[in-house]
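Asks: Protein chains in written order, with the working numbering: chain A, 3 to 305; chain B, 3 to 305. Built from N, CA and C at the ideal position, the CB exists for glycine as well. As the structure is a prediction and not an experimental result, all values here were calculated from the model.
Number of protein chains: 2
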Amino acid sequence: MTLIECVPNFSEGRRPEVIDEIVAAIAGTPGVTLLDRQSDAHHNRSVVTFVGDSLAAQKAAFAAIATAARLIDLNHHEGAHPRFGATDVVPFVPIRADDMAICVAAAHALGARVGAELAIPVYYYEDAVRRPERRNLADVRRGEFEGLREAIGRDPQRAPDEGPAAVHPQAGAVAIGARQALIAYNVNLDSTDLELARRIAGEIRERDGGLPCLKAMGLALDDGVQVSMNLTDYRRTSLRAAFEAVRSRAAAAGADVRESEVVGLLPEDAVTALAREVLRAPRLTRALVLDAKILDGILAAEE
Amino acid sequence: MTLIECVPNFSEGRRPEVIDEIVAAIAGTPGVTLLDRQSDAHHNRSVVTFVGDSLAAQKAAFAAIATAARLIDLNHHEGAHPRFGATDVVPFVPIRADDMAICVAAAHALGARVGAELAIPVYYYEDAVRRPERRNLADVRRGEFEGLREAIGRDPQRAPDEGPAAVHPQAGAVAIGARQALIAYNVNLDSTDLELARRIAGEIRERDGGLPCLKAMGLALDDGVQVSMNLTDYRRTSLRAAFEAVRSRAAAAGADVRESEVVGLLPEDAVTALAREVLRAPRLTRALVLDAKILDGILAAEE
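Encoded structure:
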């Protein structure tokens, strides 16, 4: 059995009874383990993290999408975060970096069912993309619910990958995708120089010619400054490479790293890769980590 | 449910049918996951690694000890490795460093049963020790089977912690203990200077005033030299500290680390601790690692 992760985002962050019912639809699906749920009232959005094998994960996601379509009306939704669906995005994420093909297949199987059975238009994005221009979620979600409602039937460029060429009257649309695990990683400097943090962020991020698969911005904290990063593929730019990119530039400016923090969960592969680099231990992989081996053993026994 | 690891050593490394039957006794115990088995014909010894909750692990270990007592006769055993029992040692090892008390309790419960039901004398060692002079396994096993057979009834210092004051006629005695995970870790130098490897080993090992909980020796390889280490408590001396101790001393002598390797399995906590140090990320613990969290989620669901 191969576990994959699913991290759906729902356009409700204020009504606990609605969020509870969506989470219950996920947690009540056999074979699924709920790992996390977070709601943000300002964004009016909730993020749920769960794992299961491909089929169980699809079933749980489908149940959640159906529940959200019943309980959330986008016509009355407002929040700081852009959105175009009651279930806004459903990314499948490989736990072992090699399992991307399983996640892509899960996205497509779920999308076909959501389009046909729930009459919600579906857009595939990132590694599940069918039209290359839809890779980035921001492009797919352009205009949000209100904009897509007008454009979907008129503009062939906005025709969905699955389902009707009209938004669902309350639930809008949904983006379903597959992507590598994203690592949110912040490095705090022992400096109050916001310009330094911004300059480092500008030098290291991919967009401006820096490290691949790295997004970065400089932020002011109460007690210093921070380079806040997203690693969108830790196999391309590792945690240690990101840390060192910040540390060395800070050092050149006479500053140092005070501490760093990972926000959310970190795949075992990302931690092991760091140990492999630091220890110059090329054969140190997930297969040598006891806890991962136990997990794999338990999963294999369930096959 | 809390999983613990058990790594029994059996005095048989040549007859596959005997080893198979012992392993089958373990793997056939409900709630136990077999992780590894290794046999060494020269040592005439096999090491089995499995995990389970405390009760399942005790049952599997008991079944293995009973099977080994039936199939192995120490009177006809010879091998390079010191031994005093058909099942020679049974260490319980916490998977999460904090779970040592559970391992000590498992050792004592198993020991009482082995002494009473199998009439095999039991000696507790390391963290399960009842007499402080028995902490080190080498002291417990002094004289091996043949020596203990003579001494056990005469010398009050050799009286067992459980069971009869006579060795089992075929199966001898057994040492049952609890200890932190031991990490076997080798660092290879780009040098052929065996004296350098030996000098570094001498400087860094605890016995000679070096790093706590670190054993080390210098070895010649076909293509270089190696500092071969055992970390007996990675919370005291970490993988990175051991690596750096070797690297810095090698560098001072004009040599460098070519690569390093972990032999056997590594607890998640040891990998995460390394990332925590390198990234200066004090809040980076096992609780943030996806795979460990999934494992804990699956185990919690089984409670």
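Under a CB-based cut-off of 8 angstroms, is Pro-295(A) close to chain B?
Replies: According to the sequence provided, residue 295(A) is Lys. The question's Pro does not apply to it. Cβ-Cβ to chain B under 8 angstroms: yes for Lys-295(A).
Asks: With contact counted as at least three CB pairs below 8 angstroms, one residue from each stretch, are the segment 192–199 of chain B and the segment 108–115 of chain B in contact?
Replies: Counting Cβ pairs under 8 angstroms, fewer than three are found: no touch.
Asks: So what's Pro-93(A) in DSSP terms, helix, strand or just coil?
Replies: Strand, per DSSP.
Asks: For Ala-257(A), tell me which candidate among Arg-39(A), Val-176(A), Ile-202(A), Asp-75(A) has the shortest Cα-Cα distance.
Replies: Checking every option, the nearest Cα to that of Ala-257(A) belongs to Ile-202(A).
Asks: Between the Cα of Val-176(A) and those of Ala-70(A), Arg-16(A), Leu-268(A), spot the shortest distance and give me the residue it belongs to.
Replies: Cα-wise, what sits closest to Val-176(A) is Ala-70(A).
Asks: Starting from the Cα of Phe-52(A), find the closest Cα among Val-34(A), Ala-43(A), His-44(A), Leu-120(A) and give me that residue.
Replies: Cα-wise, what sits closest to Phe-52(A) is Val-34(A).
Asks: Exposed or buried, Asn-46(A), counting other C-beta atoms within 10 Å across all chains shown (16 or more means buried)?
Replies: It counts as buried.
Asks: Report the three-state DSSP secondary structure of Gly-113(A) (helix, strand or coil).
Replies: Note: Gly-113(A) maps to helix in three-state DSSP.
Asks: What does a CB cutoff of less than 6 angstroms around Gln-40(B) pick up in its chain, not counting 5 residues either side in sequence?
Replies: Within the same chain, Gln-40(B) has close Cβ partners Val-49.
Asks: Apart from the five residues just before and just after Ala-65(A), which ones in its own chain have a Cβ nearer than 8 angstroms to its Cβ?
Replies: Ala-27, Ile-28, Gly-30, Thr-31.
Asks: Taking the alpha helix (DSSP H) that Arg-242(A) belongs to, which residues open and close that run?
Replies: Taken as a continuous stretch (DSSP letters only), the alpha helix (DSSP H) holding Arg-242(A) covers 241–254.
Asks: Quick check on the burial criterion: 16 or more other C-beta atoms within 10 angstroms. Buried or exposed for Glu-135(A)?
Replies: Flag for Glu-135(A) reads exposed.
Asks: In chain A, what lies closer than 9 angstroms to Ile-97(B) by C-beta?
Replies: Going along chain A in sequence order, the residues near Ile-97(B) (Cβ under 9 angstroms) are Leu-292, Asp-293, Ile-296.
Asks: Quick check: the Cα distance between Arg-282(B) and Arg-85(B), rounded to an integer number of angstroms?
Replies: For Arg-282(B) and Arg-85(B), the distance between alpha carbons rounds to 44 angstroms.
Asks: Would you mind reading off the limits of the alpha helix (DSSP H) that contains Gln-60(B)?
Replies: Unbroken alpha helix (DSSP H) run through Gln-60(B): 56–73.
Asks: Taking DSSP's pairing of strands, which residues face Lys-1(A) in a bridge?
Replies: Because chain A in this structure spans residues 3 to 305, residue 1(A) falls outside the shown range and cannot be described.
Asks: Tell me His-313(B)'s beta-bridge partners as DSSP assigns them.
Replies: This structure gives no information on residue 313(B), because the portion of chain B shown stretches from 3 to 305.
Asks: By how many angstroms is the C-alpha of Val-9(B) removed from the C-alpha of Ala-68(B)?
Replies: C-alpha separation (whole angstroms): 16 angstroms.
Asks: Using CA coordinates, which residue listed in Val-131(A), Asp-38(A), Asn-11(A), Arg-17(A) is at the minimum distance from Leu-292(B)?
Replies: Ranking Val-131(A), Asp-38(A), Asn-11(A), Arg-17(A) by Cα distance to Leu-292(B) puts Asp-38(A) first.
Asks: Can you give me, in chain order, the residues of the segment 86–117 of chain B that have a beta carbon less than 7 angstroms from any beta carbon in chain A?
Replies: Answer in chain order: Ile-97.
Asks: Pairs of beta-carbons, one from the segment 259–271 of chain B and one from the segment 86–100 of chain B, closer than 8 angstroms: are there three or more?
Replies: As far as the Cβ criterion goes, the segment 259–271 of chain B touches the segment 86–100 of chain B, which means the pair count is three or higher.
Asks: With a threshold of 6 angstroms on Cβ separation, who are the neighbours of Lys-61(B) within its own chain once the five nearest residues in sequence on each side are excluded?
Replies: Around Lys-61(B): Thr-31.
Asks: Suppose the cutoff is 8 angstroms on Cβ atoms and the five residues either side in sequence are ignored; what does the same chain contact list for Ala-277(A) look like?
Replies: Around Ala-277(A): Ala-283, Leu-286.
Asks: What are the residues that DSSP puts in a beta bridge with Tyr-187(B)?
Replies: Per DSSP, Met-231(B), Val-264(B).
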